[in-house]
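Protein chains in written order, with my numbering: chain A, 687 to 812; chain B, 837 to 1257.
Here it is as structure tokens:
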């Protein structure tokens, strides 16, 4: 329910100009305050990956995307070992912080739901 | 008495051959013989002949019935199961055939499945990697252990080099990407490249459905490929299991000829009576070996050959020598009664081929892109008009070209000159 894959009001907020003008600064402040950008992460790197849907979605990344993801994870682990954030020039810029994984996860979930629907289909004779 | 009734039956089949109708720029032909089931086949000029990169045509074939904007891959499979239909895609050197077989009355759904792949397939990268790549590799693996298919494939490569020479299968280690498939599909899937053949469905219904499906499809120029040229040559491949195999082939360019069909029938050692050896010139081959005449006709070329298979190298050598001398003897002259029986055999083969749905669809499909749909009657009368002189002339013209010779198996399999080629 919560977290990167949970319910989100973002699509609704994005549709309204006034609302997004009010909410966007707060959201930017929140994303920066969360601190993951200081460790070079993208928001989708925080997705809990220990479930079949996300594992399947990870196989759908392009080779370049999965390489970059592994690099970010290693770099952040090293920073964690050193107990210090990365140098400021390596922080994730807001425009780089894109949802590269979530669309794949959504597709996998949709496919699983469709499979379940077909598995439990009741055929009615017309 | 017998002859008149045969002729009458043949006439009836010939009459029920379809006429080709142009529907929204797509050629449609349908034959309804009141079968309990129907089939619709979409022929696309996207055979291996037209592929821009090795194996892309095979990849496109294996991509069939994956997700489209209208339904997902699993939706296609499950819904077709509910209707009890069967979907299949087959690749030839000239055409990709997408076939649906179903109960009468379900045509609307199945025509939509077929046409939506052509008009709105998604070609997603993950489907290519998760579903299509394993199919491409399993196709290649299956052919690697089937020397007969591999020999004919290699023979095409030697005989025609490019164009018809392109393999139907992808190389074992290939670099095909989903974008290759997508761009090949984008050029191949246009209305002038597509023909629809239906059996067990009436022309009007099929035309209606096709018109609806292709209303918004784009039209572009039909795919073209350089005219085929025959080269020939020899190659020796190592086998991965299976019998020792040799293929002795010859190619010609131009349209198919009745003389070569008669030659194939003359050489065919398949007996007409069970448990007999038959009276073909190839009946004297050693026990356990087999010789199969291969007669493949394409729009502008023909590959004719004898596929010799046996458990031992010695057997293949003896059978191959017999096969070559039979071919040479046929080029010299043929006895009148042999010619009569060969013609009868060839006519029966041609007529019984259109008895089956696959044969009928294949016969129509190969002709439909060339404006004239050849009737069975025309085929039979051209076989009838073969005479001994024309037969020997065609055979000697065939074997005067450089042979295409392929062996698959042990290194000691005979070389072409050892068989008398």
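Every residue, glycine too, gets a C-beta built ideally from N, C-alpha and C. Please read all numbers here as calculations on a predicted model, not as lab measurements.
Run through DSSP, which three-state label would residue 1037 of chain B get?
Residue mapping note: residue 1037 of chain B aligns to position 201 of the second chain, counting from 1. Residue 1037 of chain B falls in the coil class under three-state DSSP.
Let me know the alpha helix (DSSP H) ranges lying completely inside the stretch 1156–1236 of chain B, each 4 residues or longer, listed in chain order.
1172–1189, 1193–1204, 1212–1220 and 1224–1236
Assign residue 871 of chain B to one of three DSSP states: helix, strand, or coil.
Here the question's residue 871 of chain B lines up with position 35 in the second chain. Correct three-state label for residue 871 of chain B: coil.
Name, going along the chain, the residues of the stretch 745–764 of chain A whose beta-carbon falls closer than 8 angstroms to a beta-carbon of chain E.
No chain E is part of this structure, whose protein chains are labelled A and B.
Are the C-beta atoms of residue 918 of chain B and some chain A residue less than 8 angstroms apart?
Here residue 918 of chain B refers to the residue found at position 82 of the second chain. Chain A, which has a Cβ nearer than 8 angstroms to the Cβ of residue 918 of chain B, makes this yes.
Identify whether residue 1249 of chain B lies in helix, strand or coil by the three-state DSSP scheme.
Sequence index remark: in the second chain, residue 1249 of chain B carries index 413 (1-based). Three-state DSSP puts residue 1249 of chain B in coil, outside helix and strand.
Would you tell me roughly how many angstroms separate the C-alpha atoms of residue 806 of chain A and residue 912 of chain B, rounded to the nearest one?
By one-based count along the first chain, residue 806 of chain A stands at place 120. By one-based count along the second chain, residue 912 of chain B stands at place 76. Those two C-alpha atoms are separated by around 16 angstroms.
According to DSSP, is residue 687 of chain A helix, strand or coil?
Position 1 of the first chain, counting from 1, holds the residue named residue 687 of chain A. Note that residue 687 of chain A has pLDDT 46, beneath the 50 cutoff, so the model's placement of it is unreliable and no number is given.
Would residue 1131 of chain B count as contacting chain A if we go by Cβ distances under 8 angstroms?
As a working mapping, residue 1131 of chain B is identified with position 295 in the second chain. Closer than 8 angstroms: no.
Inspect the beta-carbon positions of residue 1025 of chain B and residue 954 of chain B and report whether they are closer than 8 angstroms.
For this step, residue 1025 of chain B is matched to residue 189 along the second chain. For this step, residue 954 of chain B is matched to residue 118 along the second chain. It is a contact, given that the beta carbons lie within the stated cut-off.
Chain A beta carbons: is any one of them nearer than 8 angstroms to that of residue 962 of chain B?
Stepping through the second chain from its first residue, residue 962 of chain B is reached at position 126. Taking a beta-carbon distance threshold of 8 angstroms, residue 962 of chain B counts as an interface residue toward chain A.
Hey, how far is the Cα of residue 1105 of chain B from the Cα of residue 1078 of chain B?
By 1-based counting over the second chain, the position of residue 1105 of chain B is 269. By 1-based counting over the second chain, the position of residue 1078 of chain B is 242. One C-alpha to the other measures close to 21 angstroms.
Which of helix, strand or coil DSSP assigns to residue 1068 of chain B:
Counting from one through the second chain, the residue named residue 1068 of chain B turns up at place 232. Coil.
Reduced DSSP secondary structure (H/G/I, E/B, other) of residue 903 of chain B
Taking the first residue of the second chain as 1, we reach residue 903 of chain B at position 67. DSSP places residue 903 of chain B in coil when its eight states are reduced to three.
So which residues of chain B does residue 801 of chain A contact, with C-beta pairs closer than 8 angstroms?
Numbered from its first residue, the first chain carries residue 801 of chain A at position 115. Within 8 angstroms Cβ-Cβ: 910.
Is the CB-CB distance between residue 1063 of chain B and residue 1028 of chain B below 8 angstroms?
By one-based count along the second chain, residue 1063 of chain B stands at place 227. By one-based count along the second chain, residue 1028 of chain B stands at place 192. Against a cut-off of 8 angstroms, the Cβ pair of residue 1028 of chain B and residue 1063 of chain B comes out as no contact.
Cβ shell of residue 1038 of chain B (< 7 angstroms), same chain only, five flanking positions each side left out
By 1-based counting over the second chain, the position of residue 1038 of chain B is 202. Hits under 7 angstroms: 866 and 868.
So what does residue 863 of chain B bridge to, in DSSP terms?
The sequence position of residue 863 of chain B within the second chain is 27, counting from 1. Answer is B:858 and B:1031.
Helix, strand or coil: how does DSSP classify residue 1278 of chain B here?
What the structure shows of chain B is the stretch from 837 to 1257, and residue 1278 of chain B is not part of that stretch, so it cannot be assessed.
Name the DSSP beta bridge partners of residue 1080 of chain B, please?
Sequence index remark: in the second chain, residue 1080 of chain B carries index 244 (1-based). DSSP lists B:1146 as partners of residue 1080 of chain B.
Three or more C-beta pairs under 8 angstroms: does that hold for the stretch 888–900 of chain B against the stretch 986–1005 of chain B?
yes
Taking only beta-carbon atoms, is residue 1245 of chain B less than 8 angstroms away from chain A?
Indexing the second chain from 1 puts residue 1245 of chain B at position 409. No, its Cβ sits nowhere closer than 8 angstroms to a Cβ of chain A.
CB of residue 972 of chain B within 8 angstroms of CB of residue 1081 of chain B, strictly
Taking the second chain and counting its residues from 1, the one referred to as residue 972 of chain B is at position 136. Taking the second chain and counting its residues from 1, the one referred to as residue 1081 of chain B is at position 245. No; because the gap between Cβ atoms is not below 8 angstroms, this pair is not in contact.
Establish whether the CB of residue 885 of chain B and some CB of chain A are separated by less than 8 angstroms.
Position 49 of the second chain holds residue 885 of chain B. Nearest CB-CB separation between residue 885 of chain B and chain A: not below the 8 angstroms threshold.
Rounding to the nearest angstrom, what Cα-Cα distance links residue 762 of chain A and residue 740 of chain A in this structure?
Mapped onto the first chain, residue 762 of chain A falls at position 76. Mapped onto the first chain, residue 740 of chain A falls at position 54. Taking the straight line joining both Cα atoms gives about 20 angstroms.
Grab the span of the beta strand (DSSP E) containing residue 1130 of chain B for me, first residue to last.
Residue numbering aside, residue 1130 of chain B sits at position 294 when the second chain is read from its first letter. That run of the beta strand (DSSP E) goes 1126–1133.
For residue 1088 of chain B versus residue 1162 of chain B, is the C-beta distance shorter than 8 angstroms?
The residue labelled residue 1088 of chain B in the question sits at position 252 within the second chain. The residue labelled residue 1162 of chain B in the question sits at position 326 within the second chain. Cβ atoms of residue 1088 of chain B and residue 1162 of chain B: not closer than 8 angstroms.
Residues near residue 1128 of chain B in its chain [Cβ-Cβ closer than 6 angstroms; skip 5 each side]
Numbered from 1 along the second chain, position 292 holds the residue referred to as residue 1128 of chain B. Result list for residue 1128 of chain B: 1143, in chain order.
Where does residue 963 of chain B fall in DSSP's three states?
Your numbering for residue 963 of chain B matches position 127 in the second chain. Of the three classes helix, strand and coil, the one that applies to residue 963 of chain B here is helix, per DSSP.
Going straight from the alpha carbon of residue 692 of chain A to that of residue 791 of chain A, what length do you get?
Indexing the first chain from 1 puts residue 692 of chain A at position 6. Indexing the first chain from 1 puts residue 791 of chain A at position 105. Rounded to whole angstroms, residue 692 of chain A to residue 791 of chain A spans 12 angstroms at the Cα level.
When the cut-off is 8 angstroms and only beta carbons count, does residue 914 of chain B lie next to chain A?
By 1-based counting over the second chain, the position of residue 914 of chain B is 78. Judged by the 8 angstroms Cβ criterion, residue 914 of chain B is in contact with chain A.
Where residue 708 of chain A and residue 783 of chain A are concerned, what is the direct C-alpha to C-alpha distance, given to the nearest angstrom?
Here residue 708 of chain A corresponds to residue number 22 of the first chain, with the count starting at 1. Here residue 783 of chain A corresponds to residue number 97 of the first chain, with the count starting at 1. Roughly 20 angstroms between the two C-alpha positions.
From the DSSP output, read off the bridge partner residues of residue 1047 of chain B.
One-based indexing of the second chain puts residue 1047 of chain B at position 211. None, per the DSSP bridge assignment.
Who are the Cβ neighbours of residue 861 of chain B in its own chain at under 6 angstroms, not counting the five residues just before and after it?
Residue 861 of chain B sits at position 25 when you count from the first residue of the second chain. If we look at residue 861 of chain B and ignore the five residues flanking it on each side, its Cβ neighbours are 1027 and 1055.
So for residue 1021 of chain B, helix, strand or coil by DSSP?
As a working mapping, residue 1021 of chain B is identified with position 185 in the second chain. In this structure, DSSP gives residue 1021 of chain B a helical state, which the three-state scheme calls helix.
When DSSP labels each residue in this structure, what does residue 925 of chain B get in the three-state scheme?
Taking the first residue of the second chain as 1, we reach residue 925 of chain B at position 89. In the structure shown, residue 925 of chain B sits in a strand (DSSP, three-state: E or B).
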